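Have a look at the structure below before the remarks.
Residue numbers (my numbering): 3 to 396.
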């Protein structure tokens, strides 16, 4: 009768384990789909962030270029203002010079007319008048003086005419120089005005380009907000699925909570005698760090580095080694298809093939492998399937 009951219990245990594993696979698929959707959203979000960063970078370049154009425009306008002042001054000087030239020309004409009239008078009256002036001299000295006087009058007329002519030519040359300078200044002003028009057009074009980038940045920012909201919603959905999965597993375990037979349960002890603080339970979770699994196949017990780790039940050590993910770890075969696992230790105290008893220290706690801090990852498998260790150790 006991044999029949034992066989029935084993069959029930296997059925419950397989059924539970099947349900976990269903939950895993739903959670995996939700995580994939979230990952796709996060990937798209990252692409938008990268695109947004490039847009911001280009915008910064355009803003800097516009600032440089503004500086150029300010410099050009300052130069134009200076040139306009110089042009105004030059025009004023030109007008003054024109007046001087008119006066010089008038003096030249006047002197020319005076000299011309004197010559004409001498020609019409002949030399009698001048001879009479000379013959009326009272002495030789007076004669010479009067002769010199007539000569000086002639030279004076000639010199005055030449002087006024020279003044006119100098003023005319001055006027020509001022006109050349004015033309040069006006040409420079036209060139600056052309540069100003060019810079203004460039600035307007860049302002239009900047407006486009601002619009693109605003659109990308709105899109980023939408993706953040979508990711948040997807995370909520993922949390809901995980919570539902854990709730259903708990309900399943409550419904199919088989009693471990006295033969199977006898001798199991808690693996960390100095700590009972469970930091992560059995089942699905958000991976705590890169490389960690979201399907938590054991329980995590937090405790200080160096704390004793003991065998949960008597058995034979089948693994005592190091792994990049598990760190220093031990695996013990307890028979009847049950095996226990101890990960992330700082030091191993047993070797493969060694027989251990329940409660015997086999390692010291640590944080080796993929770990976020000192703890023991404790797991149990039954016939190769991970089960909740709490069913064995409470």
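Think of the CB as a built atom: it goes at the ideal place given N, C-alpha and C, for glycine as much as any other residue.
Computed from a predicted structure; not experimentally measured.
> For residue 368, is the classification buried or exposed, using 16 other Cβ atoms within 10 angstroms of its Cβ as the cut-off for buried?
Replying inline: buried
> Considering only the beta carbon of each residue, do residue 304 and residue 348 sit closer than 8 Å?
Replying inline: no
> Using DSSP with H/G/I as helix, E/B as strand and the rest coil, what is residue 332?
Replying inline: Strand, per DSSP.
> How would you write the range of the alpha helix (DSSP H) that residue 1 sits in, first residue to last?
Replying inline: Nothing in the structure corresponds to residue 1, since the chain is present only between 3 and 396.
> Distance, Cα to Cα, residue 177 vs residue 93?
Replying inline: 11 Å
> What number of angstroms, rounded off, separates the C-alpha of residue 48 from the C-alpha of residue 85?
Replying inline: 55 Å
> What are the start and end residues of the beta strand (DSSP E) that includes residue 384?
Replying inline: 377-384
>> Pop quiz: residue 333 and residue 356 are said to be a contact at Cβ under 8 Å. What is the actual Cβ separation, rounded to whole angstroms?
In response: A Cβ-Cβ distance of about 12 Å is found for the pair residue 333 and residue 356, leaving them out of contact under the 8 Å criterion.
>> Spatial neighbours of residue 233 within its chain, please: C-beta separation below 7 Å, excluding the five flanking residues on both sides.
In response: 40, 43, 44 and 47
>> For residue 227, count the other beta carbons within 10 Å of its own beta carbon; 16 or more makes it buried, fewer makes it exposed. Which is it?
In response: exposed
> If we count Cβ pairs, one from each stretch, closer than 8 Å, do we get three or more for the stretch 191-201 versus the stretch 92-108?
Replying inline: no
>> Assuming residue 340 is part of the beta strand (DSSP E), what are its boundary residues?
In response: 340-347
>> Would residue 371 and residue 326 qualify as a contact pair, given that the criterion is a beta-carbon distance under 8 Å?
In response: yes
>> Please classify residue 363 as buried or exposed, where buried requires at least 16 other C-beta atoms within 10 Å of its C-beta.
In response: With fewer than 16 Cβ atoms within 10 Å of its Cβ, residue 363 is classed as exposed.
> residue 365 bridges to which residues according to DSSP?
Replying inline: DSSP links residue 365 through a beta bridge to 311 and 350.
> So is residue 87 buried or exposed if we call it buried at 16+ other beta carbons inside 10 Å?
Replying inline: Looking at its Cβ environment, which holds fewer than 16 other Cβ atoms inside 10 Å, residue 87 is exposed.
> Quick one: what's got a C-beta closer than 8 Å to residue 218's C-beta in the same chain, skipping five residues either side?
Replying inline: 57
> With C-beta atoms as the reference, is residue 384 less than 8 Å away from residue 301?
Replying inline: no
>> Taking a contact to mean a Cβ-Cβ separation below 8 Å, would you say residue 309 touches residue 360 in this structure?
In response: No, they are not a contact pair.
>> For a test of the three-state rule: what should DSSP assign to residue 316, helix, strand or coil?
In response: Here residue 316 sits in coil by DSSP.
>> To the nearest angstrom, how far is the alpha carbon of residue 60 from that of residue 216?
In response: 10 Å
> So residue 388 is in the beta strand (DSSP E); what residue range does that whole segment cover?
Replying inline: Note, residue 388: beta strand (DSSP E), 387-389.
> Between which two residues does the beta strand (DSSP E) harbouring residue 370 extend?
Replying inline: Per DSSP, residue 370 belongs to no beta strand (DSSP E) and is neither H nor E.
> Any idea which residues DSSP pairs residue 324 with across the strands?
Replying inline: 330, per the DSSP bridge assignment.
> For residue 173, is the classification buried or exposed, using 16 other Cβ atoms within 10 angstroms of its Cβ as the cut-off for buried?
Replying inline: buried
> Where do the N-terminal and C-terminal ends of the beta strand (DSSP E) with residue 274 fall, by residue?
Replying inline: Unbroken run through residue 274: none, as it is neither H nor E.
>> Once DSSP output is grouped into helix, strand and coil, what is the label at residue 46?
In response: Residue 46 falls in the helix class under three-state DSSP.
> Out of curiosity, what's the CA-to-CA distance linking residue 273 and residue 223?
Replying inline: 52 Å
> Who are the near neighbours of residue 373 in its chain, counting only those whose CB is closer than 7 Å to its CB and skipping five residues on each side?
Replying inline: Closer than 7 Å at Cβ, skipping near neighbours: 329 and 346.
>> Please state whether the Cβ-Cβ distance between residue 344 and residue 378 is less than 8 Å.
In response: yes
> Got a sec? Which residues, its chain only, sit under 8 Å from residue 81 by beta carbon, not counting five neighbours each side?
Replying inline: Around residue 81, the same chain offers 194 as residues with beta carbons nearer than 8 Å, after the five sequence neighbours per side are excluded.
>> Based on DSSP bridge pairs, tell me the residues matched to residue 89.
In response: Paired residue(s): none; residue 89 is not in a bridge.
> Around the Cβ of residue 111, are there at least 16 other Cβ atoms within 10 angstroms (buried) or fewer (exposed)?
Replying inline: exposed
> residue 340: which of 313, 77 and 167 sits nearest, CA to CA?
Replying inline: 313
> So the beta strand (DSSP E) residue 304 belongs to, where does it begin and stop?
Replying inline: 301-304
> Could you give the C-beta distance for residue 74 and residue 201, rounded to a whole number, given that I count them as a contact under 8 Å?
Replying inline: The distance from the Cβ of residue 74 to that of residue 201 is about 5 Å, consistent with a contact at the 8 Å cut-off.
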